[in-house]
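Numbering (the numbering used here), first residue to last: 764 to 1042. Glycine is no exception: its CB is placed at the ideal position from the N, C-alpha and C atoms.
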Amino acid sequence: MAPGARSLLRSIFGCLTALVLLLAPLGGAPGGMVQAADNPSLLPDHPTPVIDLARALTDGQRASLEEHLEAFEESSGWKLRVLTQYERTPGLAVKEFWGLDERSLLLVADPRGGNLLNFNVGDALFALMPRTFWVELQTRFGNQYYVRDHGEDGAIVDALSAVETCLERGGCQVVPGLPQEQWLLTFCTSLLGGLIVGFAGYPRKQGDLVAWSWVLLLSPLWVMLFVVFGLGPVVTRTSDLMPVLRNALGFLGGAVAAYLIAQKTMGPPAAREGSSSGD
């Protein structure tokens, strides 16, 4: 399968997964995403922001992440915690061990559910990043393709990095950054919007250059494809102008191509009118 087709399939898979997760409950109160169990014997005997029962991190990665999360908490006041588990879990015991509160985020990494990542989100975090943000965060970094390409450790670290970036900004509505497969999907919608404009704009009457009435009639469709689905996800996730330029060129290219195809297949208005009168 071509790389472009593979990326498009990943985007479609991500959108379907996001739809499923939007319909599923997302933990709000501390401890809500951890299995309803209480096994304090699995807790470490010393304070640490990372409990790696599934061994998803190397010793060096765990030590580095612990140091980073402790420094972030000290500087910002936000408490970020990581629990990796597979068959064993301390369950609700982590709530008391970490003192999870409204300013806490618990990332639970467990591959048994299909998506690696789950989030226990404190109320103060929900006030800065809405439910849709956490769903997108989960689908972007926890899906099987991302984990396969970056590893469980990479998925955990990248998800935490996105949260930290948003907390430093004072909140986010969407996850920062524009993955290649997501940009490809926005490019395809921009191109489709251009094709609709091109076919709609082909003149139906002699002397017209563009059928503006048809372009305006179909404007709800192509505006949604180009502006809402083509440009919207780009400008809200990155300040880079290159993806915007590419989508705009895709829209214009699609419009020109559709216009020329219609001209070749349908013929000029004068020829069509002459053919109709001859019959």
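Same chain, Cβ closer than 8 Å to residue i, neighbours up to 5 away in sequence not counted
i    : result
L806 : I814, P853, A856, V857, F860
A918 : A872, L879, L880, F904, G905, Y909, V910
G840 : R866
For residue i: DSSP bridge partner residues
i    : result
D815 : T847
A872 : T847, L880
G957 : None; G957 has no bridge partner.
S867 : K842
Whole-number beta carbon distance between residue j and residue i, since they are thought to touch under 8 Å
i    : j     : result
G956 : A1021 : Not confirmed; about 10 Å, so no contact.
G961 : A1018 : 4 Å
G885 : D864  : 6 Å
L981 : I959  : 6 Å
Close-in-space but distant-in-sequence residues of the same chain around residue i (CB under 7 Å, 5 per side omitted)
i    : result
C935 : M892, F896, C929
F992 : T949, T952
E927 : F835
W977 : A963, G964
A937 : As written in the sequence, residue 937 is Val, which differs from the Ala given in the question. Result list for V937: F896, E899, T999, R1000, in chain order.
Within 8 Å, strictly: CB atoms of residue i and residue j
i    : j     : result
N878 : V871  : no
L816 : L828  : no
P803 : L843  : no
P996 : T949  : yes
S924 : N1010 : no
P939 : R851  : no
L846 : L869  : yes
Own chain partners of residue i with C-beta closer than 6 Å, once the 5 adjacent residues on each side are dropped
i     : result
M987  : none
F1014 : S953, G956, G957, F989
D921  : F904
V973  : G964
A799  : The predicted position of A799 is uncertain, since its pLDDT is 48 and thus under 50; a value taken from the coordinates is nonetheless stated next. Around A799: no qualifying Cβ.
A787  : Bear in mind that the predicted position of A787 carries a pLDDT of just 42, short of 50, making it unreliable; the figure below should be weighed with that in mind. For A787, where only same-chain residues beyond five positions count, there are no Cβ hits under 6 Å.
Buried versus exposed call for residue i [16 or more other C-beta atoms within 10 Å across all chains shown]
i     : result
Q943  : exposed
W975  : exposed
L900  : buried
S867  : buried
R932  : exposed
E915  : buried
Q1043 : The shown model of the chain, from 764 to 1042, leaves out residue 1043, and the question about it has no answer.
P1006 : buried
Q848  : buried
T902  : buried
R818  : exposed
G875  : Reading off the sequence, residue 875 comes out as Arg, not Gly. Label assigned to R875: exposed.
R894  : exposed
R967  : exposed
L1008 : exposed
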